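Enquirer: Okay, so the sequence shown: first residue is 1 according to UniProt numbering, each after it adds one.
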Amino acid sequence: MIYDKHGVLQMTELNFDKDRPKAENPIKINDVSLRDGHQSLFATRGRTEDMLPVAEMIDEAGYHSVETWGGATFDTMHRFLGEDPWERLRVLKKHMPKTPFSMLLRGQNVVGYRNYADDVVQSFVQRSIDNGMDIFRCFDALNDFRNFETAAKVIKDNKKHLQGVVCYTLNQPRLGGEVYNMEYYINKVKDLLSFGVDSICIKDMAGLIAPYDIYNLVREIKTFTDTPINLHTHFTSGMGDLAIFKAIEAGVDIVDTCIGPYAYRTSHAAVEPLIMSLLGTNRDSGMDINKINAIAGEMEKYIPKYKHLDNNPKYATTDINVLLHQTPGGMLSNLVNQLKAMDALDKLPEVYRLLPKVRKQLGNIPLVTPTSQIVGVQTVNNVLFDSYEGEYAQITKEVKDLCFGLYGKTTHPIDPEVQKKALKDYPRGEEPITARPGSILEPEMEDVKAEFSDLAKDIDDEVLCALYPITGKRFLKWKYGLEEVPADVKAKTMAEVEKEEELVRKALSGELTSKGKGNGRELEVTVDGETFTVEINDPNGPATPQFKGRKKKESANDEMATGSVVAPIPGMIVECKVKVGDEVKVGDALVVLEAMKMMNNLDAKAAGTVKEIKCETGDSVAKGDLLLVIEPKA
1 MIYDKHGVLQ
11 MTELNFDKDR
21 PKAENPIKIN
31 DVSLRDGHQS
41 LFATRGRTED
51 MLPVAEMIDE
61 AGYHSVETWG
71 GATFDTMHRF
81 LGEDPWERLR
91 VLKKHMPKTP
101 FSMLLRGQNV
111 VGYRNYADDV
121 VQSFVQRSID
131 NGMDIFRCFD
141 ALNDFRNFET
151 AAKVIKDNKK
161 HLQGVVCYTL
171 NQPRLGGEVY
181 NMEYYINKVK
191 DLLSFGVDSI
201 CIKDMAGLIA
211 PYDIYNLVRE
221 IKTFTDTPIN
231 LHTHFTSGMG
241 DLAIFKAIEA
251 GVDIVDTCIG
261 PYAYRTSHAA
271 VEPLIMSLLG
281 TNRDSGMDIN
291 KINAIAGEME
301 KYIPKYKHLD
311 NNPKYATTDI
321 NVLLHQTPGG
331 MLSNLVNQLK
341 AMDALDKLPE
351 VYRLLPKVRK
361 QLGNIPLVTP
371 TSQIVGVQTV
381 NNVLFDSYEG
391 EYAQITKEVK
401 DLCFGLYGKT
411 THPIDPEVQK
421 KALKDYPRGE
431 EPITARPGSI
441 LEPEMEDVKA
451 EFSDLAKDID
461 DEVLCALYPI
471 TGKRFLKWKY
481 GLEEVPADVK
491 AKTMAEVEKE
501 EELVRKALSG
511 ELTSKGKGNG
521 RELEVTVDGE
531 TFTVEINDPN
541 GPATPQFKGR
551 KKKESANDEM
561 ATGSVVAPIP
571 GMIVECKVKV
581 GDEVKVGDAL
591 VVLEAMKMMN
601 NLDAKAAGTV
611 KEIKCETGDS
621 VAKGDLLLVI
631 EPKA
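1) Taking R121 and T150 to be in contact with their CB atoms under 8 angstroms, please state how far apart those CB atoms are, rounded to whole angstroms.
2) Hey, which unbroken runs of the alpha helix (DSSP H) at 4 residues or more fall wholly within the stretch 363-417?
3) Verify whether the separation of the beta carbon atoms of A152 and F101 is less than 8 angstroms.
4) Quick check: the stretch 24-32 against the stretch 47-57, are there 3 or more CB pairs under 8 angstroms?
5) With distances taken between CB atoms, is the gap from V111 to F139 smaller than 8 angstroms?
6) With a threshold of 8 angstroms, are at least 3 pairs of Cβ atoms found where one atom belongs to the stretch 283-294 and the other to the stretch 267-274?
7) How big is the Cα-Cα spacing for Q378 and G176?
8) Pick helix, strand or coil for C615, following the three-state DSSP scheme.
9) Tell me the rounded alpha-carbon separation between P570 and V621.
10) Specify, as a first and last residue, the run of the alpha helix (DSSP H) that I320 falls within.
11) Quick one: grab the DSSP three-state call for R137.
12) Report yes or no: do the stretch 209-217 and the stretch 227-244 share at least 3 C-beta pairs separated by less than 8 angstroms?
13) Go through its chain and collect everything with a Cβ distance to N382's Cβ below 7 angstroms, but skip five positions before and after it.
14) Give the straight-line distance between the Cα atoms of V418 and L362, rounded to the nearest whole angstrom.
15) Could you tell me whether the Cβ atoms of F235 and V463 are closer together than 8 angstroms?
16) If the criterion is Cβ atoms closer than 8 angstroms, does the pair G238 and L192 meet it?
17) Under three-state DSSP, which class holds P469?
18) Near T317, which residues of its chain fall below 8 angstroms by C-beta distance, leaving aside the five closest residues on each side in sequence?
19) Assess contact between the stretch 55-68 and the stretch 87-99, defined as three or more Cβ pairs (one per stretch) separated by less than 8 angstroms. Is contact present?
20) Using only the alpha-carbon positions, how far apart do N143 and Y480 sit?
21) Label I320 either buried or exposed according to how many other C-beta atoms from any shown protein chain fall within 10 Å of its C-beta, with 16 as the threshold for buried.
22) Spatial neighbours of G37 within its chain, please: CB distance less than 6 angstroms, with the 5 preceding and 5 following residues excluded, ordered by chain position.
23) For G70, which residues in the same chain have their Cβ closer than 7 angstroms to its Cβ, ignoring the five residues on either side in sequence?
24) Just checking my contact of L324 with P173 at CB under 8 angstroms: how many whole Å lie between their CB atoms?
25) What residue does the alpha helix (DSSP H) around G240 start on, and which one ends it?
26) Looking at C-alpha atoms only, which residue of A206, G207 and I254 is the closest neighbour of V218?
27) Would you mind reading off the limits of the alpha helix (DSSP H) that contains D75?
28) Quick check: the Cα distance between T223 and I186, rounded to an integer number of angstroms?
Laid out in structure tokens, this is it:
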């Protein structure tokens, strides 16, 4: 064998099958294609049926572990795909028995958007283990590791792997400054070691980490611990590959990658070039590129099913602006979607301008689920509803909870004026807490069992409803045949996708025109980065246009003078707090509206009597839809 001066084996002398030497310190690779890959690129809409054709292939590929679950998958599956999240875990485990499964667990948030009671956390983690989970990547959005305690005990008691996470964030383009500097991260790593984790993950959710910063950070960690270090970074800024390579040079033990078709942009670095770049070195993964290529070829077949979910309006694969606005890709797409729904996309620059200010006012917190949504949605609310900067006219429930301390300790103190506004008339009190949030929350599971006893058939159903009471209830009705699964929730077949693409091709070429016979169908088409609507005459389409994804509601134009309540933003009705005939006064909470996973209380703007209720729990509503008719006092 011939090596160059850097100790790299020359490939001209290497027979791939026979002469490949075993590396002294092979890099271990965690594949995230089946979770974070499709979460990053097409809104977590990957279906189990499109994973099964490659499941056994992935199991034979030689990965250290495979991330199959957690994060947004639990929510998205039951809410948008009509799939049981527990069933995916069981089915994948059946097809992939050899490779350890990894999941992303949001600590006391579990896989939701608030901190749940300890008994909910305990039940979820135990059922995750019972259904096949092996490695728990446990993080807290505030890096407040007290929020790990309950989950960690269950994981350890079951002798499963606890991977503790430090969420990596910045408030300037590179590591340093007064807040997120080397000292901050080293201290957080030492806190995790004291906690007794089995491995440490540096979780860079926005692709912010610079190559030399991760090199220095890994080298420093390696001076005081042999605990394995796992780097998780996204490709958003374009530095993902570079950061991974410098981390490997520094001695990182595990890295996260995606299969090629699911890689890059706001997703992750691809595994294929990593395998080939390390071939013949002392960090060679030992993985067979031919097996990986076969997986990539199979997975690429199903991407046309998800093209319509690609929200990236840019031509470029990278976006260096992420280092300036610090916004993770998923958070950015949420902001864009919310502004589109409000017909206010022109406000995006103002949202970018205000976002760092809102983040600072809310304690300079890391931007990762759920805090990314908390900061992002509140910023949008401020841009859309404030009459002056800093008014905070429409404060979400989650911001109020954050200000009370229900998410834990923020990096810096919350702005006192914002905190005072948020906690005015807050149900738990106006004085924030300093205790571990889970310690003050009352148990929830017994109430859930009673409330959903007519629907939930087992503990898995009950845990689902504990996490998501509204959408969980709706899903169980679909699951047990009590309600028909909506058409937009059902899976498309490849034949349907191909037919749709052919219709689009014909429409764009002028071969199809709407003939005005009631069968006109609108398709949203993206060509060369530009999205526009094409109307076609689809003989197989519905005779009349369908109202997509929500019940049609009345406009409030004729009702505004009555002080009635309208939806200020698109969302889902979580709760109507009043009934017909109730007397209300100014400021009373009337309706809870979920928008972008955050809860908004819609208050009475005038005193009067509830004359009519035009919404139900679970309804999807558009901006301007009439929700309540209030007859004002004479």
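Glycine is no exception: its CB is placed at the ideal position from the N, C-alpha and C atoms. In this text, all values refer to a predicted model and were calculated from it rather than measured experimentally.
Expert: Result, derived from the coordinates:
1) Translated into the one-based positions of the sequence shown, residue 121 becomes position 121. Translated into the one-based positions of the sequence shown, residue 150 becomes position 150. The residue you asked about is not Arg; residue 121 is Val in the sequence shown. About 5 angstroms separates the two Cβ atoms, so the contact holds.
2) Within the stretch 363-417, the complete alpha helix (DSSP H) runs of at least 4 residues are 371-385 and 397-404.
3) If you number the sequence shown from 1, residue 152 lands on position 152. If you number the sequence shown from 1, residue 101 lands on position 101. Not a contact, by the Cβ cut-off of 8 angstroms.
4) These segments do not touch.
5) The sequence position of residue 111 within the sequence shown is 111, counting from 1. The sequence position of residue 139 within the sequence shown is 139, counting from 1. For the pair V111 and F139, the CB atoms are not nearer than the 8 angstroms cut-off.
6) A contact exists between the stretch 283-294 and the stretch 267-274.
7) Walking along the sequence shown from the start, residue 378 turns up at place 378. Walking along the sequence shown from the start, residue 176 turns up at place 176. Counting only the Cα atoms, G176 lies some 27 angstroms from Q378.
8) Within the sequence shown, residue 615 is the residue found at index 615, counting from 1. C615 carries a coil assignment under DSSP once its states are collapsed to helix, strand and coil.
9) Working through the sequence shown from its first residue, we reach residue 570 at position 570. Working through the sequence shown from its first residue, we reach residue 621 at position 621. Cα-Cα distance, rounded: 6 angstroms.
10) Here the question's residue 320 lines up with position 320 in the sequence shown. Unbroken run through I320: none, as it is neither H nor E.
11) Translated into the one-based positions of the sequence shown, residue 137 becomes position 137. Strand at R137.
12) Enough Cβ pairs lie closer than 8 angstroms, so yes.
13) Along the sequence shown, read from residue 1 onward, the residue named residue 382 stands at position 382. Only L354, V358 and Y392 meet the Cβ criterion.
14) Position 418 of the sequence shown, counted from the start, is the residue given in the question as residue 418. Position 362 of the sequence shown, counted from the start, is the residue given in the question as residue 362. The straight-line gap from Cα to Cα measures roughly 8 angstroms.
15) Walking along the sequence shown from the start, residue 235 turns up at place 235. Walking along the sequence shown from the start, residue 463 turns up at place 463. At least 8 angstroms separates the beta-carbon of F235 from that of V463.
16) Indexing the sequence shown from 1 puts residue 238 at position 238. Indexing the sequence shown from 1 puts residue 192 at position 192. Contact: no.
17) The residue labelled residue 469 in the question sits at position 469 within the sequence shown. Correct three-state label for P469: helix.
18) Within the sequence shown, the letter at position 317 stands for residue 317. Same-chain partners within the cutoff: F235, G238, Y264 and R265.
19) In short, these stretches touch, since the Cβ pair count reaches three.
20) In the sequence shown, residue 143 corresponds to position 143, counting from 1. In the sequence shown, residue 480 corresponds to position 480, counting from 1. So the two alpha carbons sit approximately 39 angstroms from each other.
21) Numbered from its first residue, the sequence shown carries residue 320 at position 320. By the 10 Å Cβ count, I320 comes out exposed.
22) Within the sequence shown, residue 37 is the residue found at index 37, counting from 1. Leaving aside the five residues that flank G37 on each side, the residues in its chain whose CB is nearer than 6 angstroms to its CB run, in chain order, C258, Y262 and S267.
23) What you label residue 70 is simply residue 70 of the sequence shown in a count that begins at 1. The residues are R35, M103, L104, L105 and V111.
24) In the sequence shown, the residue the question calls residue 324 occupies position 324. In the sequence shown, the residue the question calls residue 173 occupies position 173. About 7 angstroms; that satisfies the 8 angstroms criterion.
25) For this step, residue 240 is matched to residue 240 along the sequence shown. From DSSP, the alpha helix (DSSP H) with G240 extends over G240 to A250.
26) Taking the first residue of the sequence shown as position 1, residue 218 is located at position 218. Taking V218 as reference, the option from A206, G207 and I254 with the minimal CA-CA separation is I254.
27) Along the sequence shown, read from residue 1 onward, the residue named residue 75 stands at position 75. Run containing D75: T73 to T76, per the alpha helix (DSSP H) assignment.
28) Within the sequence shown, the letter at position 223 stands for residue 223. Within the sequence shown, the letter at position 186 stands for residue 186. Between T223 and I186, the C-alpha separation is close to 11 angstroms.
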